[in-house]
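Here is the structure:
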């Protein structure tokens with residue numbers, strides 16, 4: 001009998017989520033035309049957002065792994081080595097985590113419009129190293145955003161009950177996306193359904 005089990009997870013946001021992915025587009029290899037001024041670039045969000053050709057928002061599955069690792073520290077502290085066990089056995093069955101939200105083509109018309117499902121969050125931030133203040137332009141999902149994904153792990157390292165607790169604590173105290181330190185990206189766990197069927201998975205730890 002296999003020790004590997006799967007759970008299908010459904011989460012729903014209770015706080016706005018900010019997407020600010022630091023990928024290749026954030027610092028391109030080739031020079032491109034500047035927009036805005038130093039520390040205030042209204043086009044910044046275009047280089048840090050993750051969306052499909054149909055403008056559906058998503059994050060890489062690695063975000064979930066990092067979220068759950070942080071949540072395991074909240075749920076169990078340092079006892080039992082749950083963080084290490086989780087990193088060793090947790091895999092995400094989905095390459096990307098998709099949300100039920102789409103970026104409007106006229107996003108610039110929704111600056112700080114928190115009533116819209118997706119809006120452009122504009123706020124000042126302080127750089128921790130230089131202490132300089134910059135304006136940050138990030139795509140934001142209003143509370144109510146949802147996602148479904150599947151996780152796979154070894155139950156001899158993390159029990160069903162422990163994993164469920166980790167997922168709950170990850171949403172309640174950690175969150176997804178940018179601005180987590182000030183409460184953004186928090187969510188509730190709407191479903192945590194255990195499955196018995198085998199699935200093809202992508203290793204989120206590689």
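Residue numbers (this note's numbering): 1 to 206. C-beta: ideal position from N, C-alpha, C; glycine also.
- Here DSSP, grouped into helix, strand and coil, assigns residue 188 to strand.
- Look at residue 54 here: in three-state DSSP terms it is coil, with no helix or strand label.
- Spatial neighbours of residue 74 in its own chain (CB-CB distance under 6 Å, excluding positions within 5 residues in sequence) are listed in chain order as 169 and 173.
- Looking from the CA of residue 14, the closest CA among 146, 157, 6 and 167 belongs to 146.
- By the beta-carbon neighbour count (other beta carbons within 10 angstroms, threshold 16), residue 7 is buried.
- Bridge partners of residue 60 according to DSSP: 96.
- Taking each of 93, 97, 105 and 159 in turn and checking the Cα distance to residue 177, the smallest one comes out for 97.
- Scanning the segment 83 to 160 for uninterrupted beta strand (DSSP E) segments of 3 residues or longer gives 96 to 102, 118 to 126, 133 to 141 and 146 to 154, listed from N- to C-terminal end.
- Beta-bridge partners assigned by DSSP to residue 17: 141.
- In the DSSP assignment, residue 10 is bridged to 148 and 191.
- Counting other Cβ atoms within 10 Å of its Cβ, residue 182 stays below 16 and is therefore classed as exposed.
- With a cutoff of 7 Å on beta-carbon distance, residue 137 and residue 44 are scored as near each other.
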